[in-house]
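Enquirer:
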């Protein structure tokens with residue numbers, strides 16, 4: 039995980055928006071694969087809504103409801119991936135690239151935190167058993 043975090047912190051100004059989107063998606067898939075391997079689960083090659091990242095997230099939530107806390111980060115990264123691919127010449131591309139990096143780092147820090155503190159994310163509303171009278 040430390041190597042992946044270091045790669046996320048590296049700012050390669052030579053990367054095009056499309057190349058950055060591809061790299062961030064790949065790194066985040068690797069992060070989720072580390073989580074699944076840690077849980078002794080073979081990472082899927084399937085895609086959800088066109089993204090392996092979303093399938094890996096879904097797989098990571100099985101038996102671990104608190105992992106659902108990073109669902110929006112995965113979906114947001116897919117959103118920025120699409121933005122960077124579809125409009126690489128957009129006037130706000132620099133801002134979009136920065137946001138994509140921030141979202142990827144957020145995902146990395148959350149998953150890394152789950153390795154250290156398994157309860158991380160337990161207070162996320164999407165992980166609580168609201169219908170089970172826990173609310």
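In the working numbering, the protein residues as written are 39 to 173. Glycine included, C-beta positions come from ideal geometry on N, C-alpha and C. Keep in mind it's a predicted model, so treat the numbers as computed, not measured.
(1) In the DSSP assignment, find the unbroken alpha helix (DSSP H) run with residue 143 in it and report its ends.
(2) With distance defined between alpha-carbon atoms, name the residue in 73, 152, 74, 66 nearest to residue 118.
(3) Does DSSP classify residue 56 as helix, strand or coil?
(4) Give the DSSP bridge partners of residue 86, in chain order.
(5) Let me confirm a value: residue 95 is counted as buried when at least 16 other C-beta atoms fall within 10 Å, else exposed. Which label applies?
(6) Going by beta carbon distance, what residues of the same chain come within less than 8 Å of residue 115, once the five residues before and after it are set aside?
(7) Could you tell me the boundaries of the alpha helix (DSSP H) in which residue 120 lies?
(8) With DSSP as the reference, label residue 96 as helix, strand or coil.
Expert: The relevant details are as follows:
(1) 131 to 154
(2) 66
(3) helix
(4) 89
(5) buried
(6) 62, 63, 66, 91, 138, 141, 142, 145
(7) 109 to 124
(8) helix
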